[in-house]
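Colleague: Here it is, the structure in full.
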Amino acid sequence: MALQLIYGNSGSGKSTYIYEKVIQMAQADRRRNFYVIVPEQFTMQTQRELVRRSKNHVIVNIDVVSFERLAYRIFDELGIQNTVMEETGKSLVLRKIAEEKGKELTVLRGNIRKMGYINELKSMISELMQYDISVEELEDFLHQLKPDSNLYYKLSDVHTMYAAFEEYLQGQYVTAERVLDVLAEAADDSKLLRDAVFVFDGFTGFTPVQMKLLHRCMHVVKDMYVTVTMDVREDPLADHGIQDLFYMSRKMTAALLRAAKEETYIVEEPVFLPVDENSRLAQSPVLAHLEQNLFRVRSHRYEEKCGESLRIYSLATPREELIFAAWKLSHLMREKNYRYHECAIVCGDVECYEKYAKSIFELYDIPYFVDTKTSILYHPCIELIRAVLEMVEKDFSYESVFRFFRTDLSGFTEKNIDFLENYVLARGIRGASKWKKKFLKPMRHTGRIRVEEQVLQQELARANALRERFWKMLEPFYLAASEKEVTVSEMTKALYDLLCGLHLEEQMKEQQEAFEEAGEELLASQYRQIYKIVIDLLDKLVDLLGEEKLSIRDYADVLEEGFASAKVGAIPPGADCVILGDIERTRLEGIKVFFFLGVNDGTIPKSTANGGILSQYDRELIEEQKLQLSPTAREQSFLQRFYLYLNMTKPSEALYLTYARMDTQQKATRPSYLIGTVQKLFPNVIVEEIEADASGTPVSPKSSLETYISGLTQAKAGSITEEWKALHRYLSESKEWGSVVHELFAAAFSQFTGEQLAVETARQLYGTVLTNSVTRLELFARCAYAHFLEYGLKLSERETYSFAALDMGSMFHEILQRYCEGLEKSYDWYTITEPEQENLLQTAMQEAVLSMPNESLLESARSAYVLERIYRIMKRSIWALTEQIRHGTFKPAGYEVDFVQVNELNVENMMLDAEHKMRLIGKIDRMDTRETEDAVYVRIIDYKSGKTTFQLLNLYYGQQLQLVVYLNAAMEQLKKTHPGKEIVPAGIFYYRMDDPMVDADGEDEEKIMEHILSELRLNGLISLEPEVYQQMDVGLAGRSEVLPLTLKTDGTPAKKGTSGAGRRDFQTMTAFVNRKICDAAEKILSGDIDIRPFQMEQKTGCDHCPYHSVCGFDPKIQGFTYEKNKKLKDEDVWAKIYREGGLPDER
């Protein structure tokens, strides 16, 4: 019995040597068992290599196994029945223990329910097991710590959980970390192991548990051979500390020799394989020099040119790195006839590049395999289960219900899901109580399309049919999960029944087959595995926690932990493909060309902040106490160099290093120290900066199209290369791509030329009588196309069951109307008392709330707050409006005055031409008048819930016509009702309904109320005739609290603080507005739907526009332009209004 170590540099042929030797020994001694033990991910490759080298390509008495596979082989031989608890099982048990032991925990208690924390705890306990630290040893270690330290509390909590976990396992289960312990105990009884030969290859070190097994096997097996990566120029027994490149190899050597000594196992003379013409790097002096000098204390520079053997590239982003690697690979395939499996791509952060792999490699027709495992947590199948649990927990919230539907596994068609979602949003369906009962109300359809009652009832019937089907599906699980004393077993059975009812297994099978037909083997592989993972997890749940009673939240947490720990792997799609992997997990052999991507600071060296239960400081303290756990951050940084050395010495012909100048968030990044290290060894290697289009030479039909598209942007800018022109000709003549290229070219060089409807089409849309609200005309002034979409096509935003700002404004108007109606019946603005106002307001508000079509105000959780806010604002507004009326002699003469109620007004019916007429509709919120013997003075007040202020400039551009149109209508009405009297405009005003905050600054209540009233003053245009404004604020001196007016000491209006106009101004403005609305109407009927929104300084017609995604307006596209509205002073606006009216400005 003997141990022999085989030393050699990377690439020296250690594996070749030991494989040849074991094949010879196996052929010479066919009765003996030979076990080649390699890391798990290396087994298939090693087996294939041994078969290739063996005579007749057959191996009889050689088994290629990992440590775990060896254990199961012996368990089968000896009939050892061990139920191995896998990672998901551990998560479930630890979650259960956390519930039981939660009160005993200290620092971990606050985090134990956080997503992923059980996984952190599981990793900690697995690490203790892996490093053969028992519960008792951990308890002894705790005595060495200060009892008030944070580390003590952490490890005490870990000890509590660890002890309970071990107690649960006792006699029932064994973990993967303890499988080798069981094997060590059984090794003496195994005939397969007795006098066998062990060959260890590909290991960088052994864990304490693995070493424990080797100690035991030294009494059982005949010989052991171990390959060790080590510079043969150095003494393997010398201790140069952790900073030494081969520290791990020296540590492994020392451990093996110590074990042999302790077990009196003979140690044969080691084999030192020289670096000669048979080594992997013999044909590449550059790479051989790299292997001999990388990370060495004494290194030498390589002064020769490196050619293609070693190149360093800098690219803009990680995506560009992968594109460049794919492009380079494609060229190498053609130029040097490489096979894909002879090339490999390794990344510092494989997850960063994995998301680009599919699109890029398929573009270049490169078969590939990503050597990583994928989390299943967000797979549609898992999402469906999580959504079902969330529905029960959150009482069928909108989000949980449609999380379930959008998995595409609910059995409902997308069309039905969309319809049901629209109904649910429109009617506010929330809670199981709503889903279990028949829907009673149809959708409201608040858009501009009138929907017939019959159609509404058909929609309601459809919604109920879908509701009934959905509830029938979910009700059994809902009832089971809602029980107070439900066990895990009962809930899991109900969940399983639901999955069967959904035919989930069949659906997953269909999806798998669809992906297989589409050539999506990776997705097919996931769908092939996931249903089994789900069922296995449910089985484990019942086995481990079956009689436990958990709430739906705890049950969901347990399942989520299980799903979070489950991952799916894949196998390469074929023998000839490019591997994309990372520097530690991926095992590579026979590689000629090696791409090392992402050689950036932060990834190389990899960040060692693991974010686990123990901080790096904790681990350093533990190391000081001589307790061995996984490497500390400092140790890890040195050990990573060894993995870098192993990877960079894998290729036999070419090594390409690349790094990105920016990360995926477009933040600047720096190259890794490794770039500088390599350049010091090879001073003639410079960093080649590759621009985005430098790798654009087409190498496949798909990439040709990609190159063509990239060149289109430059071609459009006028930079057309001969190569691109040739590519354009080639693709244009291609049967496969000709039509596509034509469309792309046309789209790239197209320009927007405006939109116009035919007059006949406009007539069909709008009719010959154009019924317009002023709001509609103002929208047309902002953007003709938005007007067309809303009033022509009658598009509207999705109806939602919520109390929006628009509802708030409607509620304010409704309450005020009812308040004013009640006041006119029984009270007077000048004499009503405050208690009477409050009683009247409460009545008006109750009636208004009950009349609202949107009942959400009464049902939502926010209702109390919303109602309180509405009441507060209305109370303040009624006080302010009363004060404004009492300040003057103008009295309300009408509320909510509808144009339709006024007989034959010119403003209501305007002839546009012989065939077309415009009919204006609208409501005047309030019309106040003051009547004298020979005149009637009228002012218009419009209530606003938002921050609307009157601006003459907006009126000029047609975006604020409402007040003037209302004034015109009111004056026409008064002419009919007061014949013989002059109708005089007194003002047009907005009143903002609000309850403003003011700075009290120590003032008394009277002054505070004056400030509030001043904040709520009317804004708009007031007549500057003294007989008018003096009657609106009687006795005014200085600045008015109720009007946009400030008087000078001589009693005349001051420019500052006054917004007013003379009688002639009002007349001219009214005539201007009439022409403006007629012009707009004529444009609408002529078919004007131009996508030309207004722009004034930073404000545009696109601001808050709901149709932006429909119109596609983009000022960067040729032909799209804004309608420029120039900023003007009021004096200049008046001048334009007079000029366009053909009148001299005599203001």
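Heads up: the sequence shown begins at 1131 in our numbering, then just goes up one per residue.
We put the beta carbon where it would ideally sit given N, CA and C, even for glycine.
Owing to the predicted nature of the structure, the values given are computational and were not obtained by experimental measurement.
Assign residue 1897 to one of two classes, buried (16 or more other C-beta atoms within 10 Å of its C-beta) or exposed (fewer than that).
Modeller: Residue mapping note: residue 1897 aligns to position 767 of the sequence shown, counting from 1. Around the Cβ of residue 1897, a 10 Å sphere holds fewer than 16 other Cβ atoms; the residue is exposed.
Colleague: For residue 1624, I'd like the list of residues in its chain whose CB is within less than 7 Å of its CB, leaving aside the five on either flank, ordered along the chain.
Modeller: Translated into the one-based positions of the sequence shown, residue 1624 becomes position 494. The answer, listed in chain order, is 1606, 1607, 1610 and 1611.
Colleague: When you compare the stretch 2058-2066 with the stretch 2108-2122, are there three or more beta-carbon pairs, one atom per stretch, that lie closer than 8 Å?
Modeller: yes
Colleague: Are the CB atoms of residue 1475 and residue 1710 nearer to each other than 9 Å?
Modeller: Here residue 1475 refers to the residue found at position 345 when the sequence shown is read from its first residue. Here residue 1710 refers to the residue found at position 580 when the sequence shown is read from its first residue. For residue 1475 and residue 1710, yes; Cβs fall inside 9 Å.
Colleague: Opposite residue 1473 in the DSSP bridges: which residues?
Modeller: Translated into the one-based positions of the sequence shown, residue 1473 becomes position 343. According to DSSP, which records beta bridges pairwise, residue 1473 is partnered with 1723.
Colleague: Assign residue 1733 to one of two classes, buried (16 or more other C-beta atoms within 10 Å of its C-beta) or exposed (fewer than that).
Modeller: Counting from one through the sequence shown, the residue named residue 1733 turns up at place 603. Buried, because 16 or more other Cβ atoms sit within 10 Å of the Cβ of residue 1733.
Colleague: Assuming residue 1282 contacts residue 1268 under a Cβ cut-off of 8 Å, what Cβ separation, rounded to an integer in Å, is found between them?
Modeller: Position 152 of the sequence shown, counting from 1, holds the residue named residue 1282. Position 138 of the sequence shown, counting from 1, holds the residue named residue 1268. Approximately 12 Å separates the beta-carbon atoms of residue 1282 and residue 1268; this is outside 8 Å, ruling out the contact.
Colleague: In chain order, what residues of the same chain have a beta carbon less than 6 Å from the beta carbon of residue 2279, not counting five sequence neighbours either side?
Modeller: The first residue shown for the chain is 1131 and the last is 2277, placing residue 2279 beyond what the model contains.
Colleague: Compute the distance between the beta-carbons of residue 2148 and residue 1947, then report whether it is under 9 Å.
Modeller: Counting from 1 along the sequence shown, the entry for residue 2148 is found at position 1018. Counting from 1 along the sequence shown, the entry for residue 1947 is found at position 817. Result no, Cβ atoms of residue 2148 and residue 1947 do not sit closer than 9 Å.
Colleague: Quick one, which of 1361, 1943 and 1955 has its alpha-carbon nearest residue 1143's?
Modeller: Here residue 1143 corresponds to residue number 13 of the sequence shown, with the count starting at 1. Measuring from the Cα of residue 1143, the nearest candidate turns out to be 1361.
Colleague: Select from 2273, 2263, 2227 and 2237 the residue whose C-alpha is nearest the C-alpha of residue 2253.
Modeller: Taking the first residue of the sequence shown as position 1, residue 2253 is located at position 1123. Nearest of 2273, 2263, 2227 and 2237 to residue 2253, Cα basis: 2227.
Colleague: Does the Cβ-Cβ distance between residue 1725 and residue 1487 come in under 9 Å?
Modeller: The count along the sequence shown starts at 1 and reaches residue 1725 at position 595. The count along the sequence shown starts at 1 and reaches residue 1487 at position 357. No, the Cβ-Cβ distance between residue 1725 and residue 1487 is not below 9 Å.
Colleague: Go through its chain and collect everything with a Cβ distance to residue 1179's Cβ below 8 Å, but skip five positions before and after it.
Modeller: For the purposes of this step, residue 1179 is taken as residue 49 along the sequence shown, with counting starting at 1. Here the set comprises 1145, 1149 and 1719.
Colleague: Starting from residue 1444, trace the beta strand (DSSP E) in both directions and tell me its first and last residue.
Modeller: What you label residue 1444 is simply residue 314 of the sequence shown in a count that begins at 1. Per DSSP, residue 1444 belongs to the beta strand (DSSP E) from 1440-1445.
Colleague: Per the contact definition of three or more C-beta pairs closer than 8 Å, is the stretch 1678-1685 in contact with the stretch 1613-1627?
Modeller: yes
Colleague: Closest to residue 2140 by C-alpha separation, out of 1249, 2255 and 2128, would be which residue?
Modeller: Along the sequence shown, one-based indexing puts residue 2140 at 1010. For the options 1249, 2255 and 2128, the alpha carbon positioned closest to that of residue 2140 is the one of 2128.
Colleague: Tell me the start and end of each unbroken alpha helix (DSSP H) in the stretch 1165-1205 that is at least 4 residues and wholly inside, in chain order.
Modeller: 1173-1183
Colleague: Assuming residue 1165 and residue 1328 make a contact with CB atoms under 8 Å, what is their CB distance in whole Å?
Modeller: Translated into positions along the sequence shown, residue 1165 becomes position 35. Translated into positions along the sequence shown, residue 1328 becomes position 198. For a cut-off of 8 Å, the C-beta gap from residue 1165 to residue 1328 is around 5 Å, short enough to register as a contact.
Colleague: For the beta strand (DSSP E) containing residue 2048, list its first residue and its last residue.
Modeller: The residue given as residue 2048 occupies position 918 in the sequence shown. From DSSP, the beta strand (DSSP E) with residue 2048 extends over 2047-2051.
Colleague: Please state whether the Cβ-Cβ distance between residue 2019 and residue 2172 is less than 9 Å.
Modeller: Residue numbering aside, residue 2019 sits at position 889 when the sequence shown is read from its first letter. Residue numbering aside, residue 2172 sits at position 1042 when the sequence shown is read from its first letter. No.
Colleague: Quick one: what's got a C-beta closer than 6 Å to residue 1802's C-beta in the same chain, skipping five residues either side?
Modeller: Here residue 1802 refers to the residue found at position 672 when the sequence shown is read from its first residue. In its chain, beyond the 5 residues on either side, 1729, 1730, 1731 and 1734 have a beta carbon closer than 6 Å to the beta carbon of residue 1802.
Colleague: Are the beta-carbon atoms of residue 2245 and residue 2235 separated by less than 9 Å?
Modeller: Within the sequence shown, numbered from 1, the residue matching residue 2245 stands at position 1115. Within the sequence shown, numbered from 1, the residue matching residue 2235 stands at position 1105. Going by C-beta atoms, residue 2245 is not nearer than 9 Å to residue 2235.
Colleague: If you draw a straight line from the alpha carbon of residue 1489 to that of residue 1300, how long is it in whole angstroms?
Modeller: The residue given as residue 1489 occupies position 359 in the sequence shown. The residue given as residue 1300 occupies position 170 in the sequence shown. Near 50 Å, if we compare the C-alpha coordinates of residue 1300 and residue 1489.
Colleague: Report the three-state DSSP secondary structure of residue 2117 (helix, strand or coil).
Modeller: The residue you call residue 2117 lines up with position 987 of the sequence shown. Strand.
Colleague: Could you give the first and the last residue of the continuous alpha helix (DSSP H) run that contains residue 1622?
Modeller: Position 492 of the sequence shown, counted from the start, is the residue given in the question as residue 1622. Its alpha helix (DSSP H) spans residues 1618-1631.
Colleague: Nearest chain C C-beta to residue 1801 closer than 9 Å, yes or no?
Modeller: No chain C appears in the structure shown, which is made up of a single protein chain.
Colleague: Where does residue 1147 sit, in a helix, a strand or coil, going by DSSP?
Modeller: Walking along the sequence shown from the start, residue 1147 turns up at place 17. The answer is helix: DSSP assigns residue 1147 an H, G or I state.
Colleague: Using alpha carbons as the reference points, say which of 1217, 1547 and 1945 lies closest to residue 1306.
Modeller: Here residue 1306 is taken as the residue at index 176 of the sequence shown, counted from 1. Taking only the C-alpha atoms, the option nearest residue 1306 is 1217.
Colleague: Can you give the beta carbon distance from residue 1314 to residue 1343, rounded, assuming they're within the 8 Å contact cut?
Modeller: The sequence position of residue 1314 within the sequence shown is 184, counting from 1. The sequence position of residue 1343 within the sequence shown is 213, counting from 1. Indeed, because the Cβ distance is near 5 Å, the residues count as touching under 8 Å.
Colleague: Let me know if residue 2033 comes out buried or exposed under the rule of 16 or more other beta-carbons within 10 Å of its beta-carbon.
Modeller: Sequence index remark: in the sequence shown, residue 2033 carries index 903 (1-based). Interpretation of residue 2033 is limited by its pLDDT of 45, a score under 50 that renders its predicted location unreliable; the figure taken from the coordinates is listed afterwards. So residue 2033 counts as exposed.
Colleague: For residue 2058, list the residues DSSP reports as bridge partners.
Modeller: Residue 2058 sits at position 928 when you count from the first residue of the sequence shown. Its beta-bridge partners are 2022 and 2069.
Colleague: Leaving aside the five residues before and after residue 1537 along the sequence, list all residues of the same chain whose C-beta is less than 6 Å from its C-beta, in chain order.
Modeller: Stepping through the sequence shown from its first residue, residue 1537 is reached at position 407. Apart from the 5 residues on each side of it in sequence, residue 1537 sits with its Cβ closer than 6 Å to the Cβ of 1510, 1513 and 1514 in its chain, given in chain order.
Colleague: Determine the DSSP secondary structure at residue 1785, reduced to helix, strand or coil.
Modeller: What you label residue 1785 is simply residue 655 of the sequence shown in a count that begins at 1. In the structure shown, residue 1785 sits in a strand (DSSP, three-state: E or B).
Colleague: Who are the Cβ neighbours of residue 1377 in its own chain at under 8 Å, not counting the five residues just before and after it?
Modeller: Counting from one through the sequence shown, the residue named residue 1377 turns up at place 247. Cβ within range, chain order: 1370, 1371, 1768, 1769 and 1772.
Colleague: Pull up the distance between the alpha-carbon of residue 1786 and that of residue 1424, whole angstroms please.
Modeller: One-based indexing of the sequence shown puts residue 1786 at position 656. One-based indexing of the sequence shown puts residue 1424 at position 294. When rounded, the distance between both Cα atoms is 16 Å.
Colleague: Which residues in the same chain have their Cβ closer than 8 Å to the Cβ of residue 2031, if we skip the five residues on either side of it in sequence?
Modeller: The sequence position of residue 2031 within the sequence shown is 901, counting from 1. Its pLDDT being 42, under 50, residue 2031 is placed unreliably by the model, and the measurement read from it follows with that caveat. None.
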